[in-house]
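Colleague: So that we are looking at the same thing, I have put the structure below in structure tokens.
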Amino acid sequence: LFSTHLRWDFTLNADWTFYALGGLGGNKASDGLGGKFELLPRFGVGGVLDIERQTRVPIGIRGELSRELISVGVQFRI
91 LFSTHLRWDF
101 TLNADWTFYA
111 LGGLGGNKAS
121 DGLGGKFELL
131 PRFGVGGVLD
141 IERQTRVPIG
151 IRGELSRELI
161 SVGVQFRI
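In the working numbering, the protein residues as written are 91 to 168.
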């Protein structure tokens, strides 16, 4: 799975940031799995809940819905 895209952030308040993304994405399977290669438009939306004020650690909970995947995760600010 690969992706190259641009992301636009929209800050709601100190805790929430929402974003939209667009670009190109796709996947490549090895020859053992059929040797498939796809290149497709990528678009999606997501949000990050910053929980630093509660935890004192620069951490956020992230969710994303795009053409390729639905993901939930944690992100750390460095």
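Note that the Cβ used here is the ideal one computed from N, Cα and C, for glycine as well.
In its own chain, which residues sit with a C-beta less than 7 Å from the C-beta of Leu-102, not counting the 5 before and 5 after it?
Modeller: As a first step, residue 102 must be located in the sequence shown, where it is residue number 12. Phe-108, listed in sequence order.
Colleague: For Gln-165, which beta-bridge partners are listed by DSSP?
Modeller: Walking along the sequence shown from the start, residue 165 turns up at place 75. In the DSSP output, where bridge partners are listed per residue, Gln-165 has Gly-150.
Colleague: In chain order, what residues of the same chain lie with their CB nearer than 8 Å to the CB of Val-135, ignoring the 5 residues before and after it?
Modeller: As a position in the sequence shown, residue 135 is number 45, starting the count at 1. Within the same chain, Val-135 has close Cβ partners Phe-108, Tyr-109, Ala-110, Leu-111, Glu-154, Leu-155 and Ser-156.
Colleague: Distance, Cα to Cα, Phe-133 vs Lys-118?
Modeller: Residue numbering aside, residue 133 sits at position 43 when the sequence shown is read from its first letter. Residue numbering aside, residue 118 sits at position 28 when the sequence shown is read from its first letter. So the alpha carbons of these two residues sit roughly 19 Å apart.
Colleague: How many whole angstroms separate the CB atoms of Ile-151 and Leu-139, which I take to be in contact at a CB cut-off of 8 Å?
Modeller: Here the question's residue 151 lines up with position 61 in the sequence shown. Here the question's residue 139 lines up with position 49 in the sequence shown. That belief holds up - the Cβ atoms of Ile-151 and Leu-139 are roughly 5 Å apart, short of 8 Å.
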